[in-house]
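First residue of the sequence shown? That's 9 in our numbering, and the numbers climb one at a time after it. Before any comments, here is the structure.
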Amino acid sequence: MKRILLMAALSLLPLAGSAQQILSLEDCRRMAIEGNKDLEQARTQVEMAGYDRKIAFANYLPQVSAIGTYQYIDKNISLLSENMSETLLNAGTLLQNRLNMGMQGLQQVIMSNPILAQELANSPLWQTVFKAASSADIATGINAIGAEINNAFTVDIHNIFAGGVTLKQPVFVGGKIINANRVAKLAEELARQRYSQEYQQVVVDVDQAYWQIVSVANKKQLAESYADLLHHMEKDVNIAVDEGVSTESDALQIKVKANEADMLLTKATNGLILAKMLLCKQIGLPLDSKITLADESLGSIPVPQVAPRKDIDAVYADRPEIRSLDLAAQIYDGKANMIRADMMPKVAVTAGYLVTNPNLQHGIQHKFAGTFNAGVMVEVPIFHGFEALNKTRKARAEASLYRSKLEDAKNLINLQVSQLYTQQDEAQKRLIMAESNLENAEENLRKATIGFEAGVVDANTALAAHTAWLQAHSEYIDAGVELQMNKTNLQKAEGEMNVEL
């Protein structure tokens with residue numbers, strides 16, 4: 009199944025070659041950081057946390073808002089009852105009727121007394137007054153006055169316009185605004201620490217892929233050299249068999265080893281292709297890109313300089329994981345204080361300006377007029393079913409949980425750093441031993457090759473020398489790559505990796 013997957017992956021590669029790109033480790037890191045989607049999302053989270061911090065700061069500032077409205081109402085408002093309104097509208101008519109009835113009654117009284125009637129009939133003044141009272145029209149004027157009074161008690165609200173500006177400035181809210189700003193700043197720093205974690209993981213993954221390619225590329229070159237040596241031995245032993253100096257058994261042994269070397273070379277070639285495909289994926293290049301790493305050539309694996317061991321307290325201070333857990337605990341402390349603020353009184357200063365049409369400042373006038381208002385608002389919570397109290401306890405429990413995780417993380421980091429330093433010491437010793445073994449293996453191979461060509465060394469001894477040479481080179485490459493990865497892991501473990509946002 010693995011062979012099928014390998015062939016399927018190799019079939020994706022184009023047959024036509026393209027220009028080779030030579031990439032250093034720094035180039036690969038830079039390309040991976042620029043193109044990594046997870047890192048881009050973490051960067052966006054930092055940006056969002058910055059906006060949250062600015063939003064929290066806005067709570068310190070006064071809130072100013074304006075509002076305008078228009079309403080149409082089909083009926084007006086009257087302060088008088090229907091009977092009273094009807095009376096006012098017909099007051100002149102009613103008075104006129106009563107006056108006429110009074111004059112008629114007076115006339116009947118006069119007519120019932122002949123002497124009085126005769127005297128008044130002979131009086132020009134009485135005749136003038138009687139005619140004036142009988143013909144006077146007071147209904148129209150008084151009805152008009154009643155209509156004016158009725159209209160004065162009727163408010164025209166068919167079209168109402170209103171607008172206003174309000175201002176609210178918090179004075180005391182139990183420390184909620186202060187703690188909200190503190191939590192927002194901590195959350196922004198937490199987002200930065202999470203970005204640092206993601207950044208460092210990207211660097212470690214790229215370094216792992218890079219040095220894996222270096223290891224496979226160098227072993228591929230070893231396999232090529234090993235195969236060439238064995239094929240050269242195969243030719244020499246075939247000539248020796250033809251001359252009767254060597255046996256067919258020697259030729260078969262060397263042929264088997266040569267075939268194994270060819271298979272080893274094939275595996276190394278395919279492994280190099282797949283390793284480069286993985287690196288291309290991590291740095292954002294097409295999988296079929298032709299790349300060459302700066303450290304691919306045999307024997308060029310640089311040995312990193314060993315840095316002095318860092319104090320463990322300084323490691324704790326620089327590790328983003330430790331700072332993240334510490335920030336999380338502080339955030340939940342701040343949330344507990346914010347929730348506790350809900351149980352405290354709140355004081356705010358308010359002010360506003362209101363404009364209406366119609367207005368009631370000097371009676372009912374159909375024009376815009378405004379009023380200014382200012383005041384103090386106090387809110388005192390009394391009882392909410394212990395909701396805020398339980399929320400506060402929950403936030404404090406979460407803060408305690410993160411502090412417990414913080415202690416566990418410190419112990420694990422201490423163990424991790426100690427293990428990496430132990431691995432570094434072992435890798436340094438392994439590299440020294442590998443260098444010594446490589447020198448011995450090369451010398452042994454040189455002597456075995458000369459002896460085999462001279463006929464004084466048998467095929468088994470020569471093959472053993474070739475195998476030892478191949479193993480010594482492989483161990484030397486592995487030790488160098490292990491030191492490089494150990495350096496990267498130590499930088500991450502000690503928080504020494506530079507992070508760019």
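Positions of the beta carbon are idealized from the N, C-alpha and C atoms, including for glycine. Everything numeric in this text was worked out from a predicted model, so none of it was measured.
_Which of the three DSSP states is assigned to L509 in this structure?_
Looking up residue 509 in the sequence shown gives position 501. Three-state result, L509: coil.
*Just how far apart, CA to CA, sit K399 and A344?*
If you number the sequence shown from 1, residue 399 lands on position 391. If you number the sequence shown from 1, residue 344 lands on position 336. Our two residues, K399 and A344, have alpha carbons roughly 7 Å apart in a direct line.
*asked:* Pull the bridge partners of N167 from the DSSP assignment, please.
replied: For the purposes of this step, residue 167 is taken as residue 159 along the sequence shown, with counting starting at 1. BP columns for N167 point to Y80.
_Helix, strand or coil at P122 according to DSSP, with G and I counted as helix_ = Working through the sequence shown from its first residue, we reach residue 122 at position 114. In the structure shown, P122 sits in a helix (DSSP, three-state: H, G or I).
*What residue does the alpha helix (DSSP H) around Q29 start on, and which one ends it?*
Within the sequence shown, numbered from 1, the residue matching residue 29 stands at position 21. Q29 -> not in any alpha helix (DSSP H); beta strand (DSSP E) instead, spanning 29-31.
*asked:* In the DSSP assignment, the alpha helix (DSSP H) including K289 goes from what residue to what residue?
replied: On the sequence shown, position 281 is the one that residue 289 refers to. Residues 256-291.
*Would you kindly report the start and end of the unbroken beta strand (DSSP E) that includes K184?*
Translated into positions along the sequence shown, residue 184 becomes position 176. Boundaries around K184 are those of the alpha helix (DSSP H), 184-251, since no beta strand (DSSP E) includes it.
*With 16 other Cβ atoms within 10 Å as the buried cut-off, status of M9*: For the purposes of this step, residue 9 is identified with residue 1 of the sequence shown, where counting begins at 1. Confidence is the limiting factor: at M9 the pLDDT is only 34, short of 50, which leaves the residue's position unreliable, though a coordinate-based value still follows. That one is exposed.
*asked:* DSSP three-state label for E377, please.
replied: Residue numbering aside, residue 377 sits at position 369 when the sequence shown is read from its first letter. The residue asked about is misnamed: residue 377 is Ala in this sequence, not Glu. DSSP places A377 in strand when its eight states are reduced to three.
*State the Cα-Cα distance for the pair Y203 and E406, rounded to the nearest angstrom.*
For the purposes of this step, residue 203 is taken as residue 195 along the sequence shown, with counting starting at 1. For the purposes of this step, residue 406 is taken as residue 398 along the sequence shown, with counting starting at 1. Straight-line Cα distance between these residues: approximately 23 Å.
*Taking Y361 as part of the beta strand (DSSP E), name the residues at either end of that continuous run.*
Sequence index remark: in the sequence shown, residue 361 carries index 353 (1-based). For Y361, the enclosing beta strand (DSSP E) stretches over residues 354-365.
_Pair within 9 Å by beta-carbon distance, E504 and D258_ = To locate residue 504, count along the sequence shown from 1; it is residue 496. To locate residue 258, count along the sequence shown from 1; it is residue 250. The Cβ atoms of E504 and D258 lie no closer than 9 Å to each other.
_I299, enclosing beta strand (DSSP E) - first and last residue_ = Start at 1 with the first residue of the sequence shown, and residue 299 comes out as number 291. From DSSP, the beta strand (DSSP E) with I299 extends over 299-301.
_Proximal residues to L347 (C-beta, below 7 Å), its chain only, five neighbours per side dropped_ = Mapped onto the sequence shown, residue 347 falls at position 339. It is Ile, not Leu, that sits at residue 347 in the sequence shown. Taking C-beta separations shorter than 7 Å and ignoring five residues to either side along the sequence, the partners of I347 in its chain run A396, K399, T400, A403, following chain order.
*Helix, strand or coil for M493, going by three-state DSSP, please let me know.*
Locating residue 493 in the sequence shown gives position 485, counting from the first residue. M493 falls in the helix class under three-state DSSP.
*asked:* Suppose the cutoff is 8 Å on Cβ atoms and the five residues either side in sequence are ignored; what does the same chain contact list for A17 look like?
replied: Taking the first residue of the sequence shown as 1, we reach residue 17 at position 9. In this prediction, A17 has a pLDDT of 39, which is less than 50 and means its spatial position is unreliable; what the coordinates show is noted afterwards. For A17, the CB contacts under 8 Å within the same chain, skipping 5 residues up- and downstream, are I281, L282, M285 in chain order.
*Take Q373 and list the residues in its own chain whose beta-carbon comes closer than 7 Å to its own, dropping the five residues that flank it on each side.*
On the sequence shown, residue 373 is found 365 positions in, with the first residue counted as 1. Annotation for Q373: P366, N367 place their beta carbon closer than 7 Å to its own, counting only its chain and skipping 5 residues before and after.
*Look up V323 in the DSSP assignment and say whether it is helix, strand or coil.*
On the sequence shown, residue 323 is found 315 positions in, with the first residue counted as 1. Three-state DSSP puts V323 in a helix.
*Report the three-state DSSP secondary structure of E387 (helix, strand or coil).*
As a position in the sequence shown, residue 387 is number 379, starting the count at 1. Under the three-state reduction of DSSP output, E387 falls in the strand class.
*Expected contact under 8 Å - CB spacing of A211 and R37 to nearest Å*: Working through the sequence shown from its first residue, we reach residue 211 at position 203. Working through the sequence shown from its first residue, we reach residue 37 at position 29. The identity of residue 211 in the sequence shown is Val, whereas the question assumes Ala. Between V211 and R37 a beta carbon distance of about 6 Å is seen, short of the 8 Å cut, so the two are scored as contacting.
*Would you kindly report the start and end of the unbroken alpha helix (DSSP H) that includes E502?*
Taking the first residue of the sequence shown as position 1, residue 502 is located at position 494. It is not in any alpha helix (DSSP H) - E502 carries neither H nor E in the DSSP assignment.
*Report buried or exposed for D215, applying the criterion of at least 16 other Cβ atoms within 10 angstroms of its Cβ.*
Your numbering for residue 215 matches position 207 in the sequence shown. Buried, by the Cβ-count rule.
_Under the three-state DSSP convention, the category A315 falls into_ = For the purposes of this step, residue 315 is identified with residue 307 of the sequence shown, where counting begins at 1. Under the three-state reduction of DSSP output, A315 falls in the coil class, being neither helix nor strand.
*According to the neighbour-count rule (16 or more other Cβ atoms, all chains shown, within 10 Å of its Cβ), is V264 buried or exposed?*
Stepping through the sequence shown from its first residue, residue 264 is reached at position 256. When all chains shown are included, V264 counts as exposed.
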